[in-house]
Amino acid sequence: MKQKKVTVISLAEVKAILSKLDLEEADQIQKRTLDYVKGFPDSTPKKVDSAAKKIAELGSISLEDAYEILNICPKTIPELRVFTSGWKKLIPSETLDEILSVIQQARD
1 MKQKKVTVIS LAEVKAILSK LDLEEADQIQ KRTLDYVKGF PDSTPKKVDS
51 AAKKIAELGS ISLEDAYEIL NICPKTIPEL RVFTSGWKKL IPSETLDEIL
101 SVIQQARD
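Per the working numbering, the sequence shown starts with residue 1, numbered consecutively.
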């Protein structure tokens, strides 16, 4: 059986891809997904990719988890801890501050 390659992408990239579709020819799932991603903060796929790599380079969070954080855009340490506690990771407050700083830069 052929193994599929999985690529993690951000909601910003999903939005960019789906925005290029002809809505007359798009299926229902594509239309609903586009409506869904329009509700998230605007950012460019390039900014989000760069931010995800910066977060992963901090060493406590995988690239996949970094994308998950960036897709939600937490604004405070308690909001960010909701994710890290779910992953059963104890991350120092200094690192969480750095992550929030990277998220803010990706939003600007």
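Positions of the beta carbon are idealized from the N, C-alpha and C atoms, including for glycine. Note that the structure is a prediction, hence the values are computed from the model and not measured.
For ILE72, the enclosing alpha helix (DSSP H) stretches over residues 63-72.
Contact between the segment 94-105 and the segment 54-62 is present: 3 or more CB-CB pairs across the two stretches fall below 8 Å. According to the DSSP assignment, ASP97 belongs to the alpha helix (DSSP H) that extends over 93-107.
Of the residues assessed, TYR67 falls on the buried side of the cut-off, its CB having 16 or more other CB atoms within 10 angstroms. A check of alpha carbon separations from GLU64 across THR84, ASP22, PHE40 and LEU18 identifies THR84 as the nearest.
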